[in-house]
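Numbering (the working numbering), first residue to last: 87 to 245. Here a beta-carbon is modelled for each residue, glycine too, at the ideal position from N, C-alpha and C. Only one structure is covered here, and it is reproduced in the block below.
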């Protein structure tokens, strides 16, 4: 029973990370493509909330459920596929944390442009493309983690 509960929590967390990340990226891109500060501000406001509610919760629970699951099953945390998963998880976090800050800045710039009735500033556009670029290593790392969790390949990293 404990194993199934841990596995369920871990899989749900992975689905939330992958799905929320993909959804946020899609909606931010679609809002950006409108070029309308009001649309961007509204979508970015919701995206920031979603990142704090869903992504942050999953980010917190994934290592806890993963370590508990490995311990429950009897896996060593120095197995190659687990070590690589942890490295990819750290890469994901290294790109996700700045992305959240960027989303808040883009939201604020879009609000300001909307209030002033003017265009989005050049700094918004530069920040958007940085945000966009940061999504690839973060999303790719999550996809890699999912593959490692499913395949559990025999990877010798130590000795």
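Exercise for the section: Mind reading off the beta-carbon distance from residue 147 to residue 179? Whole number of angstroms is fine, and I expect it under 8 Å. Expected result: So it is not a contact: roughly 14 Å between Cβ atoms.
Exercise for the section: Indicate the three-state DSSP secondary structure (helix, strand or coil) for residue 242 in the structure shown. Expected result: coil
Exercise for the section: Check whether the stretch 220-236 touches the stretch 96-116, taking contact to mean three or more Cβ pairs, one atom from each stretch, closer than 8 Å. Expected result: yes
Practice task
Please look up how many angstroms separate the CB atoms of residue 206 and residue 188, rounded, as I've assumed it's under 8 Å.
Solution key: No, residue 206 and residue 188 are not in contact; Cβ-Cβ is about 14 Å, not under 8 Å.
Exercise for the section: Find the nearest neighbour of residue 244 within the set 168, 191 and 151, judged by alpha-carbon distance. Expected result: 168
Handout entry: Secondary structure of residue 194, DSSP reduced to three states
Key = helix
Exercise for the section: Look at residue 201 and residue 210 and say whether their C-beta atoms are less than 8 Å apart. Expected result: no
Handout entry: Helix, strand or coil at residue 165 [DSSP, three-state]
Key = coil
Practice task
Using 10 angstroms around the beta-carbon of residue 141, count the other beta-carbons present and answer buried if the total reaches 16, otherwise exposed.
Solution key: buried
Problem - Endpoints, the alpha helix (DSSP H) within which residue 104 is located - result: 88-120
Exercise for the section: Locate the alpha helix (DSSP H) running through residue 223, then write down its first and last residues. Expected result: 208-237
Practice task
Count the other C-beta atoms from every protein chain shown that fall within 10 angstroms of the C-beta of residue 234, then say buried if there are 16 or more, exposed otherwise.
Solution key: With 16 or more other Cβ atoms within 10 Å, it is buried.
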